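One structure is given below, encoded as structure tokens.
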Amino acid sequence: MVDIQDKEVTMEGICSVAAYDQWTPLSVCGQPPKPRYKHGAAVVQEKMYVFGGNHNGRYLGDVQVLDFKSLSWSKLEAKIQPGPSESAEAVLVTPCAGHSLIPSGNKILSLAGHTREPTESLTVKEFDPQTCTWSTLRTYGRSPVYALKTSFRPSVSSNGLTPLSAEASSSRGAIFEIEELQDKRNNKGGDISKTLVQAVKHEKNQLEEKIEREKIQSFHLKTELADVENKNVELTNELQSVRDQLLDEAARASKLENEVSDIQQRLQKMATLEKEFELLRNIRDGRSDKSASRSNKKPGGGGFRRWYGDES
4 MVDIQDKEVT MEGICSVAAY DQWTPLSVCG QPPKPRYKHG AAVVQEKMYV FGGNHNGRYL
64 GDVQVLDFKS LSWSKLEAKI QPGPSESAEA VLVTPCAGHS LIPSGNKILS LAGHTREPTE
124 SLTVKEFDPQ TCTWSTLRTY GRSPVYALKT SFRPSVSSNG LTPLSAEASS SRGAIFEIEE
184 LQDKRNNKGG DISKTLVQAV KHEKNQLEEK IEREKIQSFH LKTELADVEN KNVELTNELQ
244 SVRDQLLDEA ARASKLENEV SDIQQRLQKM ATLEKEFELL RNIRDGRSDK SASRSNKKPG
304 GGGFRRWYGD ES
């Protein structure tokens, strides 16, 4: 330990000089991961594993690794451990955020978190850095608020035979149990329980009041919708009545047009008859004039002498 400008520093560790009362940036290499929040991080074998989180509201499902020895970033192509009828390449990791990463030996446990499709159950997943695979652990007991512990319970056969010893059971693999956390101070635990009950009741009352308000608002909206539908029906009926009137007026106008056409045809015929009548009258007057001119001529020859002799 040395003293530099009134600051305590160390000459060992992952950085050559690091002050205890301030942040010191590290010179890392490799492709750094996207900026994120609500992600999980755990350290296993001098490597920090970062999984998931949110980036501008987008869920992430990648696994990034920072090697403390080389101070280099790298990305792991993680897959979910396939089932009997699946291949590891066909199943990808579901992006999540708000979870917790906890080292468990040489593996990492991912607890809870939320995804695009929320669920009410607490999911426990295990990541194996050696194989870069995720697997979902089968847990027992109720969840949460609880603690996850490793148990080597001996299995008991249904025929009443002696169960396996703890050593024999441990060779078959660990069993993960979810154990409820017990508060040793019962009095405070009771107070906390009462407080929680009161909070739940208060929240329930608020939800009931909100539901009641929503019901009233829904009733008003339904009433307004019914009024609008009735007005639409009335307007539709009025529109149909206007359409019927327009059809009647159109039929009446068509009938009047036909009558006017008939009258025009009659007028044309009458005009033709008047012309023919005028022509016949002119012909008749011409003949009358000729007859009158003939009757006004003086008689001559013997006729005159006969008239004269009779006069004497």
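Offset between the sequence shown (1-based) and my numbering: plus 3. All C-beta atoms, glycine included, are put in the ideal place defined by N, C-alpha and C. Note that this is a predicted model, so its numbers are computed, not measured.
Residue 299 sits in coil when the DSSP states are folded into three classes, being neither helix nor strand. Residue 223 has its alpha-carbon roughly 59 Å from the corresponding atom of residue 77.
C-alpha of residue 285 to C-alpha of residue 261: approximately 36 Å in a straight line. Cβ atoms of residue 111 and residue 130 come within 8 Å of each other, at about 4 Å.
A contact is defined here as three or more CB-CB pairs under 8 Å, and the stretch 32-42 fails this definition with respect to the stretch 118-135. Rounded to whole angstroms, the gap between the alpha carbons of residue 282 and residue 264 is 27 Å. Going by C-alpha positions, residue 269 is about 33 Å away from residue 247. Following the DSSP letters along the chain, one finds residue 52 inside the beta strand (DSSP E) bounded by residues 50-54. In this structure, DSSP gives residue 27 a state outside helix and strand, which the three-state scheme calls coil. In its chain, beyond the 5 residues on either side, 102, 125 have a beta carbon closer than 6 Å to the beta carbon of residue 115. The beta carbon of residue 295 is closer than 6 Å to none in its chain, skipping five residues each way along the sequence.
Nearest in C-alpha terms to residue 132, of all of 219, 70, 257, is 70.
With respect to residue 144, residue 96 sits apart: the two C-beta atoms are not nearer than 8 Å.
Beta-bridge partners assigned by DSSP to residue 57: 40, 62. Each residue's CA atom was taken as its position, placing residue 51 and residue 118 some 23 Å apart. Its Cα nearest to that of residue 83, the residue 137 stands out among 32, 137, 48. Within the model, the alpha-carbon separation for residue 33 versus residue 98 is close to 23 Å. Here residue 209 is exposed, its C-beta having fewer than 16 other C-beta atoms within 10 Å. By the beta-carbon neighbour count (other beta carbons within 10 angstroms, threshold 16), residue 278 is exposed. Following the DSSP letters along the chain, one finds residue 124 in no beta strand (DSSP E), marked with neither H nor E. Note on the stretch 223-259: there is no whole beta strand (DSSP E) run with a minimum of 3 residues. Of the candidates 75, 24, 43, 55, the residue whose Cα lies closest to the Cα of residue 30 is 75. Assignment of beta-bridge partners to residue 139 by DSSP yields 128. Excluding the 5 residues flanking it on each side, residue 204 has no same chain C-beta neighbour closer than 7 Å. Annotated three-state conformation of residue 74 is coil, per DSSP. The same chain holds no residue with a CB closer than 7 Å to that of residue 221 once the five nearest residues on each side in sequence are set aside.
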